[in-house]
Amino acid sequence: MTRTVADVSAAADEFLTERHLGTLTTLRADGTPHAVAVGFTWDAEAGVARVITSDGNQKVRNVERGGYAAVTNIDGPRWITLEGPATIRRETEEVRSAERRYAQRYREPRPNPRRVVIEITIARVMGASRLFAADRT
Numbered sequence: 044m045t046r047t048v049a050d051v052s053a054a055a056d057e058f059l060t061e062r063h064l065g066t067l068t069t070l071r072a073d074g075t076p077h078a079v080a081v082g083f084t085w086d087a088e089a090g091v092a093r094v095i096t097s098d099g100n101q102k103v104r105n106v107e108r109g110g111y112a113a114v115t116n117i118d119g120p121r122w123i124t125l126e127g128p129a130t131i132r133r134e135t136e137e138v139r140s141a142e143r144r145y146a147q148r149y150r151e152p153r154p155n156p157r158r159v160v161i162e163i164t165i166a167r168v169m170g171a172s173r174l175f176a177a178d179r180t
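Take 44 as the starting number for the sequence shown in the numbering used here and just add one per residue.
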């Protein structure tokens with residue numbers, strides 16, 4: 044069964060706002076996974092996850108080439124992976140908005156004039172069954 048954003052429970056939404064680092068996985072040019080530790084934010088209303096990063100780094104190049112990514116939040120038995128098409132946002136207001144969201148979940152990000160946003164529109168969700176509305180009894 045494929046799960047979508049509609050299946051995410053309030054418990055999952057809460058988990059995705061707690062301060063935990065996650066992983067971002069993209070694909071290298073040779074098709075192998077590139078997984079790195081990141082801070083990311085979850086916008087439940089829009090069904091979007093965002094990662095702030097520096098323009099030109101490997102994860103940005105991978106997204107620009109492949110356009111698909113996954114972020115995973117994990118804390119012991121609680122885990123959730125959000126995946127979908129990814130794009131790079133360079134617009135000033137999009138970057139500022141992502142920085143504000145990041146500051147709410149983690150801390151104020153250091154200044155970075157090369158900052159961009161990896162924006163993932165969530166198409167599929169996987170995780171611990173207790174984080175999904177349909178699995179709760």
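All residues carry an ideal CB built from backbone N, CA and C; glycine is no exception. Just so it is clear, the structure is predicted and the values come from calculations on it, not from any experiment.
Compute the Euclidean distance between the alpha carbons of residue i and residue j, then round it to the nearest angstrom.
i	j	result
Gln147	Ile163	19 Å
Ser140	Thr75	31 Å
Arg62	Pro120	16 Å
Val91	Gly170	17 Å
Ser172	Glu88	21 Å
Asp118	Arg133	31 Å
Which two residues bound the contiguous beta strand (DSSP E) that contains residue i?
i	result
Glu162	Arg158 to Thr164
Ala53	Note, Ala53: premise wrong, no beta strand (DSSP E); alpha helix (DSSP H) at Ala53 to Phe58.
Compute the distance between the beta-carbons of residue i and residue j, then report whether it is under 7 Å.
i	j	result
Ala166	Gly127	yes
Arg144	Thr84	yes
Ala49	Leu174	no
Can you name, in chain order, every residue of its own chain whose Cβ lies under 8 Å from the Cβ of residue i, other than the five neighbours on each side?
i	result
Val106	Thr69, Ala112, Ala129, Thr130, Ile131 and Ile161
Val103	Thr96, Ser97, Ile131, Val159 and Ile161
Going by DSSP, what residue range makes up the alpha helix (DSSP H) through residue i?
i	result
Ala92	That residue, Ala92, is in no alpha helix (DSSP H); its beta strand (DSSP E) goes Val91 to Ser97.
Tyr145	Thr135 to Arg148
Gly109	Gln101 to Gly109
For residue i, which residues in the same chain have their Cβ closer than 7 Å to its Cβ, ignoring the five residues on either side in sequence?
i	result
Ala80	Leu64 and Thr66
Pro152	Ile95, Glu142, Tyr145 and Ala146
Asp178	In this predicted model, Asp178 has a pLDDT of only 46, less than 50, meaning its place in the structure is not dependable; the value taken from the coordinates is given anyway. For Asp178, where only same-chain residues beyond five positions count, the Cβ hits under 7 Å are Ser172.
Tyr149	Arg62 and Gly82
Who are the near neighbours of residue i in its chain, counting only those whose CB is closer than 6 Å to its CB and skipping five residues on each side?
i	result
Glu137	Val160
Asp114	Asp is not the amino acid found at residue 114; the sequence shown has Val there. Cβ neighbours of Val114 beyond the five flanking positions: Gly65, Leu67, Phe83, Ala92 and Leu125.
Trp122	Gly170 and Ala171
Any Cβ of chain D within less than 7 Å of the Cβ of residue i?
i	result
Val103	Protein chains in the displayed structure number just one, and chain D is not present.
Is any heavy atom in the ligand COA found nearer than 6 Å to the beta carbon of residue i?
i	result
Ile165	Of ligands this structure carries none, so the ligand COA is not represented either.
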